[in-house]
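The next block holds one structure in the form of structure tokens; read it before the comments.
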Amino acid sequence: MLAEYKRTTNIGVGLGLIGSIIGRVLMESGSEDLGVLIALVGLGVFIWGCSQYAKAKGHSPLWGALGILSLIGLLVLFFLPDRHKEAAA
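All you need for our numbering is the position in the sequence shown, starting with 1, plus 1455.
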């Protein structure tokens, strides 16, 4: 995994998950419009983080579209082979 993408992966996936959770809480507490907006932004950031993860492993950033499946998509990306194993050292 390429180190230069590690930070952006963590930021994207982390902020995306937090945004999705906050959006969901807002939707259930009565602020549906704001909750949907925050959840969608969170999803977009999560997908961007997943694309950074795919690039870090040496794959096309289009694999980041798996982020639409949330944690299942991230799990699929986790099991993709790392084409940059020598860069992990």
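Every residue gets a Cβ at the ideal spot worked out from N, C-alpha and C, and that includes glycine.
Run through DSSP, which three-state label would L1526 get?
-> The residue you call residue 1526 lines up with position 71 of the sequence shown. Correct three-state label for L1526: helix.
Extent of the continuous alpha helix (DSSP H) to which K1518 belongs | Position 63 of the sequence shown, counting from 1, holds the residue named residue 1518. The question names Lys, yet the displayed sequence has Trp at residue 1518. Note, W1518: premise wrong, no alpha helix (DSSP H); not H, not E.
Skipping 5 residues on each side, what residues in its chain have a beta carbon closer than 7 Å to that of L1521?
-> Sequence index remark: in the sequence shown, residue 1521 carries index 66 (1-based). The residues are C1505, G1528, V1531 and L1532.
Would you kindly report the start and end of the unbroken alpha helix (DSSP H) that includes G1490?
-> Taking the first residue of the sequence shown as 1, we reach residue 1490 at position 35. Counting along the chain, the alpha helix (DSSP H) containing G1490 begins and ends at E1487 to A1511.
Leaving out five residues before and five after W1518 in sequence, what residues of the same chain have Cβ atoms less than 6 Å from its Cβ?
-> Here residue 1518 refers to the residue found at position 63 of the sequence shown. Taken in chain order, the residues that qualify are A1509.
Which word fits K1540, buried or exposed, when buried means at least 16 other C-beta atoms lie within 10 angstroms of its C-beta?
-> Walking along the sequence shown from the start, residue 1540 turns up at place 85. That one is exposed.
Please determine if the region 1478 to 1486 and the region 1457 to 1468 are in contact, where contact requires at least 3 C-beta pairs separated by less than 8 Å.
-> no
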